[in-house]
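Contents: one structure, followed by commentary.
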Amino acid sequence: MSDQPSNPAVTSDLPPFDLMLVPGLARLFHWRHFRTFLQIPLLIVSVVMILDGLFGPSLAPKNLATTLSWVHFRGALVLVLLCAGNFFCLACPFMLVRNVARRFFRPHLNWPQKLRNKWLSAGLFVLILFCYEEFSLWSSPWWTAWLIVGYFLTVLAVDGLFKHASFCKYVCPIGQFNFLASTVSPLEVKVRDQDVCGRCGTKDCIRGRRSAEPDLVVIQRGCELALFQPLKVGNMDCTFCLDCVHACPHDNIGILSRIPASELTVDPRRSGIGRFSQRKDLAALAIVFSFGALMNAFGMVSPVYAVEGWLARILHVTNKAPVLAVLFAALLIVEPALLLGMAAGATRVWGGSQRAVLPLAVRYTYGLVPLGFGMWLAHYSFHFLTGLYTVIPVTQNAVASLGWTFLGDPRWTYLGVPMRIVQPLQIGFLVLGLMGSLSVIHRMAQDDSAEHPMRAFIPWAAVSALLFAAAVWLMFQPMDMRGTFLAG
Amino acid sequence: MSHAGMSPLFGEAKEVGAGQYQGRLEFAMGGDWIILMHVTLSDGEKFDRQENVPGVAAN
């Protein structure tokens, strides 16, 4: 084990940058309460969002619940994932509440064997996207507040019943988004020296540490997501919680730099996950992630209303849900099945790959993740940057509504970065995503079809180019944000 | 705009007759718009009114 690199994708001879060795940060990251220190402010903000969502202004642009959820949180999330890693899971306020609750209620059940996959979370991911459109969550502080409340209750229910981090690993749709997006992040929680792990006899990083007998109280958790550090590859399923860092008796785990998306180009057996190419559920999640990015952006441009109106006439309905269901089925099931099926078939027949069509489709689907992330980035950074300063008047308004005047009158003219700056950035994110996907797919094709790598590459490059073109087309469509339609 | 964070527009209404004010707003995009009127009376009293303009079609 000692001579096996934890991430075979990273082959550079240069020692990686280690965020945990940066002066000042090292002590902070090793501080036992560092996670709690990050979680408390976010928990306070969450509570404020819930209260303002339920009792504050009903107008979304004037409410903290909608502004912080749909403008600032989503944008900051994708930008941090792009520039660093999954630090939002590290600071997750839901886990703080869960940790407090577990001081009183100890779960005794193991997560059901049949649900130890990503099917449920992929379905919940789709459900969130569906509810976003169905209930126009962006325009409803009330619904947004209840979504946050629902999240807290679900965390408490799941992790109150089931041991370990069942919610994070098998349920949380935001977490799954972060896991997939962080595969293209430049940082990874990783073993510094495999030889040290080879000599380690305690494996505290996975087992945790307990006090001496007879109490055997857990004094430091090991990885709750079943990622054994010496065999962990990449960021999938890693919440950056740093439990392994605190548990390791040899200080042998850091937050190391790596080539973004490099973990997608290889297919080793990963601790706690297995091989990507054998995980149809994970591939389905990657499909939702990649094609859902288009679906989510499609919902905010003008042509969607023409399509929805046409579908409503065909289906003879005036209700939004069935129309959305057909759209979701078309864009998240039929379209991926056709595109990925044809590309896999071409790779098999033309590229001479030995794999069958389904395993090929599963394998190459992960190649679309960088492009999908580029689409999410382009979309969410648009709202984040163009509405960057709106948090100021919205906060002023919330404070003023309590009768406190120390922040002054709301400055509603505070907006954000001008469109002329944001739009080139959006294009840049899309191009970056396309380049990332082409790079990953090219590497996969080289491994998969030694004789005709270009023939294996071209079908998937064509799928990527098609999705990229669709994303660029969407970006230049007139925006149209309607909370209601089909009325009258 | 009903979406949080989307750019608002600002305009000023001018008196065109007794108790009548007129202003012009050019919606920047399609969607559900909300016009918020902040009114200051001659005696200094302030109040707000809201007018919904749903389903503005994009060009």
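Chains A and B are the protein sequences, given in the same order. Note that the numbering used here numbers the first sequence so that position 22 is 22, with each residue one more than the last. Convert by adding 1000 to the 1-based position in the second sequence; the result is the number in the numbering used here. Ideal Cβ placement from N, Cα and C applies to all residues, glycine included.
C-alpha distance - residue i paired with residue j, whole-angstrom precision
| i | j | result |
| --- | --- | --- |
| A:His-65 | A:Pro-141 | Here residue 65 of chain A turns out to be Ala, not His, going by the sequence shown. Cα-Cα distance, rounded: 6 Å. |
| A:His-72 | A:Leu-388 | 7 Å |
| A:Pro-249 | A:Cys-241 | 17 Å |
| A:Leu-42 | A:Leu-90 | 11 Å |
| A:Ile-174 | B:Arg-1024 | 42 Å |
| A:Lys-190 | A:Leu-19 | 11 Å |
| A:Arg-420 | A:Thr-386 | 10 Å |
| A:Val-317 | A:Val-323 | 8 Å |
| A:Trp-31 | A:Ile-219 | 14 Å |
| A:Leu-486 | A:Gly-309 | Confidence in A:Leu-486 is poor, its pLDDT being 39 and thus under 50, which makes the residue's placement unreliable; the coordinate value appears in the next sentence. Each residue's alpha carbon lies about 7 Å from the other. |
| A:Val-10 | A:Ser-262 | Since pLDDT at A:Val-10 reaches only 49, below the 50 mark, its modelled position is unreliable, and the value read off the structure follows with that caveat. Near 7 Å, if we compare the C-alpha coordinates of A:Ser-262 and A:Val-10. |
| A:Met-1 | A:Asp-237 | Residue placement at A:Met-1 is flagged as unreliable, the pLDDT there being 37, under the threshold of 50; the coordinate-derived value follows with that caveat. Going from the Cα of A:Met-1 to the Cα of A:Asp-237 covers about 22 Å. |
| A:Lys-320 | A:Leu-430 | 30 Å |
| B:Gly-1044 | B:Met-1029 | 34 Å |
| A:Gly-234 | B:Phe-1010 | 48 Å |
| A:Gly-160 | B:Pro-1054 | 44 Å |
| A:Pro-5 | A:Val-266 | Confidence at A:Pro-5 is low in this model, with a pLDDT of 45, below 50, so its placement is unreliable and no value can be given for it. |
| B:Glu-1026 | B:Ala-1058 | 12 Å |
| B:Leu-1036 | B:Glu-1051 | 6 Å |
| A:Asp-409 | B:Thr-1040 | 15 Å |
| A:Pro-424 | A:Leu-129 | 26 Å |
| A:Tyr-414 | A:Ser-166 | 42 Å |
| A:Tyr-170 | A:Val-126 | 14 Å |
| A:Thr-484 | B:Gly-1031 | Annotation note: pLDDT 43 at A:Thr-484 (below 50); position unreliable, no value reported. |
| A:Thr-144 | A:Ser-136 | 9 Å |
| A:Asp-3 | A:Phe-228 | Note that A:Asp-3 scores a pLDDT of 41, beneath 50, so its modelled location is shaky; the value from the coordinates is reported in the next line. Whole-angstrom Cα-Cα distance: 16 Å. |
| A:Phe-87 | A:Ala-26 | 16 Å |
| B:Pro-1008 | A:Phe-162 | 46 Å |
Paired residues, beta bridge with residue i - DSSP
| i | result |
| --- | --- |
| A:Lys-163 | DSSP, once it has assigned bridges, lists no residue as partnering A:Lys-163. |
| A:Val-210 | With the sequence shown as reference, residue 210 of chain A is identified as Arg, and Val is not the correct amino acid for it. DSSP, once it has assigned bridges, lists A:Val-218 as partnering A:Arg-210. |
| B:Trp-1033 | B:Val-1053 |
| A:Leu-187 | A:Ser-257 |
| A:Gly-274 | A:Arg-270 |
| B:Lys-1046 | B:Thr-1040 |
| A:Leu-407 | DSSP output for A:Leu-407 lists no bridge partner at all. |
| A:Val-301 | A:Met-479 |
| A:Leu-109 | A:Phe-162 |
Residue interval of the beta strand (DSSP E) (run including residue i)
| i | result |
| --- | --- |
| B:Gln-1063 | The displayed coordinates of chain B run from 1001 to 1059. Any statement about residue 1063 of chain B would go beyond what the structure contains. |
| B:Gly-1017 | 1014 to 1017 |
Endpoints, the alpha helix (DSSP H) within which residue i is located
| i | result |
| --- | --- |
| A:Arg-269 | Neither: A:Arg-269 is in no alpha helix (DSSP H) and is coded neither H nor E. |
| A:Ile-392 | 391 to 401 |
| A:Trp-513 | Since the first residue shown for chain A is 1 and the last is 488, residue 513 of chain A is missing from the structure and cannot be characterised. |
| A:Asp-195 | 194 to 199 |
| A:Ala-60 | Unbroken run through A:Ala-60: none, as it is neither H nor E. |
| A:Asp-447 | 419 to 448 |
| A:Lys-280 | 280 to 298 |
| A:Ser-121 | 119 to 134 |
| A:Leu-360 | 357 to 365 |
| A:Arg-18 | In the sequence on display, residue 18 of chain A carries Asp and not Arg. Neither: A:Asp-18 is in no alpha helix (DSSP H) and is coded neither H nor E. |
| A:Ile-46 | The identity of residue 46 of chain A in the sequence shown is Ser, whereas the question assumes Ile. 34 to 55 is the span of the alpha helix (DSSP H), which, as asked, contains A:Ser-46. |
| A:Lys-320 | 320 to 329 |
| A:Ile-174 | 173 to 181 |
| A:Cys-244 | 243 to 247 |
| A:Ser-262 | 262 to 265 |
| A:Glu-335 | 335 to 349 |
| A:Arg-74 | 74 to 83 |
| B:His-1064 | Residue 1064 of chain B is absent from the model: chain B starts at 1001 and stops at 1059. |
Practice task
Please name the residues in the stretch 382 to 394 of chain A whose beta-carbon is closer than 7 Å to at least one beta-carbon of chain B, in chain order.
Solution key: Those residues of the stretch 382 to 394 of chain A that come within reach of chain B (Cβ to Cβ, closer than 7 Å) are His-383, Thr-386, Gly-387 and Thr-390.
Handout entry: Given 8 Å, three or more beta-carbon pairs between the stretch 256 to 272 of chain A and the stretch 347 to 355 of chain A
Key = The answer is no - the stretch 347 to 355 of chain A does not touch the stretch 256 to 272 of chain A, with fewer than three Cβ pairs under 8 Å.
Practice task
Report the residues of the stretch 403 to 426 of chain A with a CB closer than 9 Å to any CB of chain B, ordered along the chain.
Solution key: For the stretch 403 to 426 of chain A, the residues whose beta carbon sits under 9 Å from a beta carbon of chain B are, in order, Trp-412, Thr-413, Leu-415, Gly-416 and Met-419.
Practice task
Name, going along the chain, the residues of the stretch 26 to 48 of chain A whose beta-carbon falls closer than 7 Å to a beta-carbon of chain B.
Solution key: Here the close residues number zero.
Handout entry: the stretch 458 to 477 of chain A in contact with the stretch 427 to 446 of chain A per 3-pair CB rule at 8 Å
Key = Yes: the two stretches touch, three or more of their Cβ pairs being nearer than 8 Å.
Problem - Against chain B: residues of the stretch 301 to 333 of chain A by CB proximity under 7 Å - result: From the stretch 301 to 333 of chain A, only Ser-302 have a Cβ closer than 7 Å to chain B.
Problem - the stretch 302 to 319 of chain A / the stretch 102 to 109 of chain A touching (three or more Cβ pairs under 8 Å) - result: When C-beta atoms of the stretch 302 to 319 of chain A are compared with those of the stretch 102 to 109 of chain A, fewer than three pairs fall below 8 Å, so the two segments do not count as touching.
Exercise for the section: With 7 Å as the C-beta to C-beta threshold (strictly closer), list the residues of the stretch 1023 to 1034 of chain B near chain A in chain order. Expected result: Answer in chain order: Met-1029, Gly-1030, Gly-1031, Asp-1032 and Ile-1034.
Practice task
Spell out a yes or no on whether the stretch 141 to 159 of chain A and the stretch 183 to 203 of chain A are touching, meaning 3 or more CB-CB pairs, one atom from each, closer than 8 Å.
Solution key: Contact fails: fewer than three Cβ-Cβ distances are below 8 Å.
Exercise for the section: Would you check if the stretch 256 to 267 of chain A and the stretch 329 to 342 of chain A touch, i.e. whether three or more CB-CB distances between them fall below 8 Å? Expected result: Using a Cβ-Cβ distance cut-off of 8 Å, the stretch 329 to 342 of chain A and the stretch 256 to 267 of chain A are not in contact, since fewer than three pairs of beta carbons, one from each stretch, lie closer than that value.
Practice task
Using a Cβ-Cβ cut-off of less than 7 Å, give me the residues of the stretch 67 to 78 of chain A that come near chain B, in sequence order.
Solution key: Against chain B - using a Cβ distance shorter than 7 Å - the residues of the stretch 67 to 78 of chain A are Thr-67, Trp-70 and Val-71.
Handout entry: Any 3 or more C-beta pairs closer than 8 Å across the stretch 39 to 55 of chain A and the stretch 87 to 103 of chain A
Key = Cβ pair count under 8 Å is three or more, so yes.
Handout entry: Stretch pair the stretch 472 to 479 of chain A + the stretch 288 to 301 of chain A: three plus CB contacts closer than 8 Å
Key = Cβ pair count under 8 Å is three or more, so yes.
Practice task
Would you check if there are 3 or more beta carbon pairs closer than 8 Å linking the stretch 281 to 292 of chain A to the stretch 208 to 218 of chain A?
Solution key: Contact annotation: the stretch 281 to 292 of chain A does not touch the stretch 208 to 218 of chain A, with fewer than three C-beta pairs closer than 8 Å.
Practice task
Using a Cβ-Cβ cut-off of less than 9 Å, give me the residues of the stretch 446 to 477 of chain A that come near chain B, in sequence order.
Solution key: Along the stretch 446 to 477 of chain A, going in chain order, the ones with a CB nearer than 9 Å to a CB of chain B are Gln-477.
Practice task
Determine which residues of the stretch 1003 to 1021 of chain B have a Cβ less than 8 Å from any Cβ of chain A, and write them out in chain order.
Solution key: Under the 8 Å Cβ criterion, the stretch 1003 to 1021 of chain B contributes His-1003, Ala-1004, Gly-1005, Met-1006, Ser-1007, Pro-1008 and Phe-1010.
Practice task
Note down, in chain order, all residues in the stretch 54 to 65 of chain A with a beta-carbon under 8 Å from any beta-carbon belonging to chain B.
Solution key: Residues of the stretch 54 to 65 of chain A that bring their beta carbon within less than 8 Å of a beta carbon in chain B comprise Leu-59, Ala-60, Pro-61 and Asn-63, in sequence order.
Exercise for the section: Specify whether the stretch 358 to 378 of chain A and the stretch 392 to 399 of chain A touch according to this definition: at least 3 beta carbon pairs, one from each stretch, less than 8 Å apart. Expected result: Contact between the stretch 358 to 378 of chain A and the stretch 392 to 399 of chain A is not established, with fewer than three Cβ pairs separated by less than 8 Å.
Practice task
Could you run through the stretch 125 to 148 of chain A and flag, in chain order, every residue whose CB is less than 7 Å away from some CB of chain B?
Solution key: So the list reads Trp-138 and Ser-139, given in the order they occur along the chain.
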